[in-house]
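In numbering that gives the first Met the number 0, the protein residues as written are 0 to 100. A virtual CB, placed ideally from N, CA and C, is assigned to each residue, including glycine. Predicted model, so just to flag it, every value in this text is computed and none were measured.
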Amino acid sequence: MTAFKLHCVNSWEAAFLREEVRGYFDHGVSFSPGATVFDVGANIGAFEPLPPLYALLECNAREFFNGRVTALPHGLGSDECELDFSYFPAATLFSSGARRG
């Protein structure tokens with residue numbers, strides 16, 4: 000797996016997530032050529048509702064993946080709703096949303 004520098008808020012988080020994803024392959028995850036993968040974990044995945052993180056995600060998709068990755072400024076859930084988000088720039092991994100009301 001080739002390592003490259005992603006655009007990110009905190010480089011330690013990118014390194015942590017890189018190792019986490021690498022671990023998937025240690026447990027038998029594999030892909031056929033041409034496979035489509037949906038990374039819904041956000042932060043550095045394909046779906047990111049927080050504008051500052053989405054901007055970095057979209058930049059990474061454009062610069063490093065030659066049109067093979069589409070970044071989407073949305074969160075995923077079991078139903079349609081609006082959330083209030085807590086954003087922690089010093090540790091974006093801990094940013095999260097909670098239902099309004």
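- Secondary-structure assignment with DSSP links residue 97 through a beta bridge to 83.
- Taken in chain order, the segment 19-61 contains no complete alpha helix (DSSP H) segment of 4 residues or longer.
- A check of alpha carbon separations from residue 71 across 79, 54, 65 and 64 identifies 54 as the nearest.
- In terms of Cα proximity to residue 97, the closest of 91, 89, 84 and 88 is 84.
- Annotation: residue 92 to residue 12 spans about 7 angstroms, alpha carbon to alpha carbon.
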